[in-house]
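Take the position in the sequence shown, starting the count at 1, then add 146; the result is the number in my numbering. Even for Gly, the Cβ is constructed at its ideal location relative to N, Cα and C. None of these values were measured; they are calculated from a predicted model. One structure is given here, and the rest of the page talks about it.
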Amino acid sequence: MSFAYQNKKLMCEGMAVAAIAAQAGTPCYLYSAHQFRENFGAYRNAFLGADATICFAVKACSNIAILKLLGTAGAGADTVSGGEIRRALLAGIAPEKIIFSGVGKTEDEIALALESGIGQLNVESPEELEIVDGIAAARRAKARISLRVNPDVDAGTHEKISTGRKSDKFGIPWPEVWETYQEARTLSHLEVEGVACHIGSQITDLAPFEAAFAKVTDLARELQADGFRLRRIDLGGGLGIQYRDETAVDVGDYAAAVMQSVRPLGLQLFLEPGRSIGASAGALISEVQFIKHAEGRSFAVLDAGMNDLARPAIYGAYHEIIPVRQGDPAESYDVVGPVCESSDIFGTNRRLPRLAAGDLVAILNAGAYGAAMSSNYNTRSLPPEILVEGDQCKVIRERQRFEDIIALERY
Ligand SMILES: *Cc1c(COP(=O)(O)O)cnc(C)c1O
């Protein structure tokens with residue numbers, strides 16, 4: 147654990163969280179370089195010996211310094227927009243280790259992907275096949291594509307992060323997959339290289355993965371038998387983490403399930419984990435502004451809001467909240483933000499030491515879908531991001547100034 151107490155003081159690696167917050171101000175995101183490397187390393191080790199590329203899902207934590215750290219450790223990048231492709235390239239990730247997925251790619255984004263020579267474009271509909279073929283033709287190039295198929299399994303995850311059921315908008319519907327592959331092979335500017343799927347996020351059970359892998363590897367085998375010269379299979383991301391009392395799937399068990407399905411095919415393997423690499427490596431640090439009592443409840447009002455960390459408000463997600471100065475739980479608080487929305491709540495009935503204005507708390511497991519989802523709602527500045535390594539830290543994104551927020555407005 148890279149966030150732990152030492153002499154009752156919360157540390158991030160070798161640095162006191164309170165000291166960093168005093169320098170950087172609050173709210174701020176803190177990341178542990180060590181934890182990022184360890185989480186990535188768990189994947190790398192689990193797939194050692196396989197021809198596997200672990201492509202970090204950039205949307206989980208998009209800061210270029212983080213992408214650079216992971217890229218240096220050997221990661222590729224899974225991207226879902228032109229902007230994310232550009233981030234990955236700026237981070238020095240080799241184009242051939244970049245995957246581009248997404249249901250609504252624009253022509254500009256597809257052109258950027260082809261020009262940058264990224265390794266894999268995941269096509270998600272027959273219409274998109276023709277568009278990609280047309281853009282490649284205009285450039286006298288060949289687009290290396292995989293089809294993202296929807297294996298129609300229910301990952302049993304949250305409604306808003308499920309992607310692999312037939313009712314979800316993602317991927318090519320299972321009954322249309324074969325036909326779409328046949329169409330793809332008739333288009334002369336496409337190189338059909340693989341099969342891709344991604345069934346959802348925060349999945350804490352191996353069974354849906356196994357069901358999807360079985361379907362997708364069967365498909366790959368049938369395609370090979372039909373003469374497709376496949377090079378790769380991409381099994382997406384989605385491994386869940388323990389936010390509260392879930393039991394996360396062990397990366398080793400996951401790898402064993404993947405290998406069992408994929409190894410006989412002799413294909414390159416691509417994976418797209420995001421949350422399971424980023425989440426535990428980050429925390430949002432916030433200062434208590436007021437303690438407010440109403441209707442017999444105690445509210446701890448923070449200077450962080452749903453614009454800084456949206457998951458509780460959007461998904462009803464649970465994030466553990468701990469004091470930066472350790473003490474015995476003495477009170478129950480509803481921990482809330484200042485944003486004018488009743489969903490701006492980080493947690494209810496949280497047992498914490500008695501808090502007062504000026505005290506700091508850490509909202510844990512915020513390293514994935516935290517800063518990356520932050521917004522300017524209520525004209526609040528994006529918080530800074532700080533990367534800690536041992537007893538050193540550096541600001542990897544400055545706090546946004548008011549002038550930056552309004553810079554593009556004309557009045
Ligand atoms: C979001 C996403 C991922 C990452 O999912 P995690 O649950 O964070 O591992 C991978 N692939 C695609 C296509 C995605 O959209």
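Check your understanding: Does the distance from the C-beta atom of Ala-429 to that of Phe-149 stay below 7 Å?
Key -> Position 283 of the sequence shown, counted from the first residue, corresponds to residue 429. Position 3 of the sequence shown, counted from the first residue, corresponds to residue 149. Contact flag set, yes.
Check your understanding: According to DSSP, is Glu-270 helix, strand or coil?
Key -> Working through the sequence shown from its first residue, we reach residue 270 at position 124. Residue state, collapsed to three classes: coil.
**Study point:** CA-to-CA distance, Ala-476 to Arg-497, given in whole angstroms
**Key:** The residue labelled residue 497 in the question sits at position 351 within the sequence shown. The residue labelled residue 476 in the question sits at position 330 within the sequence shown. Rounded to whole angstroms, Arg-497 to Ala-476 spans 7 Å at the Cα level.
Exercise for review: Return helix, strand or coil for Gly-483, following the three-state DSSP convention.
Suggested key: Position 337 of the sequence shown holds residue 483. In this structure, Gly-483 counts as coil in the three-state DSSP scheme.
Review point. Does the Cβ of Asp-380 lie closer than 6 Å to at least one heavy atom of ligand 1?
Key: For this step, residue 380 is matched to residue 234 along the sequence shown. Not so, every heavy atom of ligand 1 lies at least 6 Å from the Cβ.
**Study point:** Cβ shell of Gly-493 (< 6 Å), same chain only, five flanking positions each side left out
**Key:** For the purposes of this step, residue 493 is taken as residue 347 along the sequence shown, with counting starting at 1. Excluding residues within five positions, the ones whose Cβ falls inside 6 Å are Ile-467, Val-481.
Review point. Any contact of the segment 181-201 with the segment 405-422, i.e. 3+ C-beta pairs under 8 Å?
Key: Contact holds: three or more Cβ-Cβ distances are below 8 Å.
Review point. Within 10 angstroms of its Cβ, does Gln-388 collect 16 or more other Cβ (buried), or is it exposed?
Key: Residue mapping note: residue 388 aligns to position 242 of the sequence shown, counting from 1. Exposed is the call here.
Review point. Looking at Gly-346 and Gly-384, is the spacing between their C-beta atoms short of 7 Å?
Key: In the sequence shown, the residue the question calls residue 384 occupies position 238. In the sequence shown, the residue the question calls residue 346 occupies position 200. Yes, Cβ-Cβ distance for Gly-384 and Gly-346 is below 7 Å.
Point to revise | Nearest residue (CA-CA) to Lys-540, options Cys-158, Ala-342, Ala-240, Leu-267 | key: Walking along the sequence shown from the start, residue 540 turns up at place 394. Ranked by Cα distance from Lys-540, the first of Cys-158, Ala-342, Ala-240, Leu-267 is Cys-158.
Check your understanding: Taking 6 Å as the line, does the beta carbon of Gly-536 fall inside it for any heavy atom of ligand 1?
Key -> Taking the first residue of the sequence shown as position 1, residue 536 is located at position 390. The nearest non-hydrogen atom of ligand 1 is 6 Å or more from the C-beta of Gly-536.
**Study point:** Opening and closing residue of the beta strand (DSSP E) in which Thr-350 lies
**Key:** Taking the first residue of the sequence shown as 1, we reach residue 350 at position 204. In this chain, Thr-350 is not harboured by any beta strand (DSSP E), its DSSP state being neither H nor E.
Review point. Which whole-angstrom value is the C-beta distance of Ala-123 and Leu-215, which I expect to be below 8 Å?
Key: Any question about residue 123 goes unanswered here, given that the chain covers just 147 to 557.
Check your understanding: Roughly how many whole angstroms lie between the Cα atoms of Ile-212 and Glu-441?
Key -> Position 66 of the sequence shown, counting from 1, holds the residue named residue 212. Position 295 of the sequence shown, counting from 1, holds the residue named residue 441. Rounded to whole angstroms, Ile-212 and Glu-441 show a C-alpha spacing of 44 Å.
Check your understanding: Should Arg-190 be listed as close to ligand 1, given that the test is whether its C-beta is under 6 Å from any heavy atom?
Key -> Along the sequence shown, one-based indexing puts residue 190 at 44. It does not: the Cβ of Arg-190 is nowhere closer than 6 Å to a heavy atom of ligand 1.
Check your understanding: Residue ranges of each beta strand (DSSP E) run of no fewer than 3 residues wholly in the segment 455-483, ordered along the chain?
Key -> You should have 467-469, 477-482.
Practice item. Compute the distance between the beta-carbons of Ala-403 and Phe-355, then report whether it is under 7 Å. Key: Locating residue 403 in the sequence shown gives position 257, counting from the first residue. Locating residue 355 in the sequence shown gives position 209, counting from the first residue. Phe-355 sits close to Ala-403, with the two beta carbons spaced by under 7 Å.
Check your understanding: Which word fits Phe-316, buried or exposed, when buried means at least 16 other C-beta atoms lie within 10 angstroms of its C-beta?
Key -> Translated into positions along the sequence shown, residue 316 becomes position 170. With 16 or more Cβ atoms within 10 Å of its Cβ, Phe-316 is classed as buried.
Check your understanding: Quick one: what does DSSP say Asp-254 is sitting in, helix, strand or coil?
Key -> As a first step, residue 254 must be located in the sequence shown, where it is residue number 108. In the structure shown, Asp-254 sits in a helix (DSSP, three-state: H, G or I).
Exercise for review: Starting from Lys-214, follow the alpha helix (DSSP H) in both directions and report where the run begins and ends.
Suggested key: Locating residue 214 in the sequence shown gives position 68, counting from the first residue. Secondary structure note for Lys-214: its alpha helix (DSSP H) is the uninterrupted segment 210-218.
Practice item. Taking the CB atoms as reference points, tell me whether Gly-340 and Ile-281 lie closer together than 7 Å. Key: Your numbering for residue 340 matches position 194 in the sequence shown. Your numbering for residue 281 matches position 135 in the sequence shown. No, the pair does not count as a contact, with Cβ atoms beyond the cut-off.
Point to revise | Other residues of its chain near Ala-394: CB distance less than 8 Å, five sequence neighbours each side excluded | key: Within the sequence shown, numbered from 1, the residue matching residue 394 stands at position 248. Only Thr-350, Leu-385, Gly-386, Ile-387, Gln-388, Ser-422 meet the Cβ criterion.
Check your understanding: How many whole angstroms separate the CB atoms of Pro-484 and Cys-174, which I take to be in contact at a CB cut-off of 8 Å?
Key -> Translated into the one-based positions of the sequence shown, residue 484 becomes position 338. Translated into the one-based positions of the sequence shown, residue 174 becomes position 28. Incorrect: roughly 16 Å between the Cβ atoms, too far for contact.
Review point. Who are Met-161's beta bridge partners in DSSP?
Key: Counted from its first residue, the sequence shown places residue 161 at position 15. Bridge partners of Met-161: Cys-158.
Point to revise | Environment of His-344 [buried if 16+ CB atoms lie within 10 Å] | key: The residue you call residue 344 lines up with position 198 of the sequence shown. So His-344 counts as buried.
Review point. In three-state terms, what does DSSP make of Thr-332?
Key: Numbered from its first residue, the sequence shown carries residue 332 at position 186. Looking at Thr-332 - three-state DSSP - the assignment turns out to be helix.
Point to revise | As assigned by DSSP and simplified to three states, the class of Lys-438 | key: To locate residue 438, count along the sequence shown from 1; it is residue 292. Lys-438 falls in the strand class under three-state DSSP.
Practice item. Using a threshold of 7 Å, state whether the C-beta atoms of Ala-206 and Tyr-400 are closer than that. Key: Along the sequence shown, one-based indexing puts residue 206 at 60. Along the sequence shown, one-based indexing puts residue 400 at 254. No, the Cβ-Cβ distance between Ala-206 and Tyr-400 is not below 7 Å.
Review point. Is any heavy atom of ligand 1 found at a distance shorter than 6 Å from the C-beta of Glu-255?
Key: Within the sequence shown, residue 255 is the residue found at index 109, counting from 1. Checking the Cβ of Glu-255 against ligand 1 gives no.
**Study point:** Top-ranked residue by Cα proximity to Thr-252, from Leu-411, Ala-371, Val-278
**Key:** Residue numbering aside, residue 252 sits at position 106 when the sequence shown is read from its first letter. Each of Leu-411, Ala-371, Val-278 was checked against the Cα of Thr-252, and the nearest Cα belongs to Val-278.
Check your understanding: If you follow the alpha helix (DSSP H) that Glu-544 is part of, which residue opens it and which one closes it?
Key -> Within the sequence shown, residue 544 is the residue found at index 398, counting from 1. Counting along the chain, Glu-544 falls outside any alpha helix (DSSP H), and DSSP gives it neither H nor E.
Exercise for review: Determine the burial state of Asn-191: buried for a count of at least 16 other Cβ atoms within 10 Å of its Cβ, exposed for fewer.
Suggested key: In the sequence shown, residue 191 corresponds to position 45, counting from 1. Exposed, because fewer than 16 other Cβ atoms sit within 10 Å of the Cβ of Asn-191.
Review point. Quick one: Cα of Asp-505 to Cα of Ile-552, how far?
Key: Walking along the sequence shown from the start, residue 505 turns up at place 359. Walking along the sequence shown from the start, residue 552 turns up at place 406. One Cα belongs to Asp-505, the other to Ile-552, and the distance between them is close to 31 Å.
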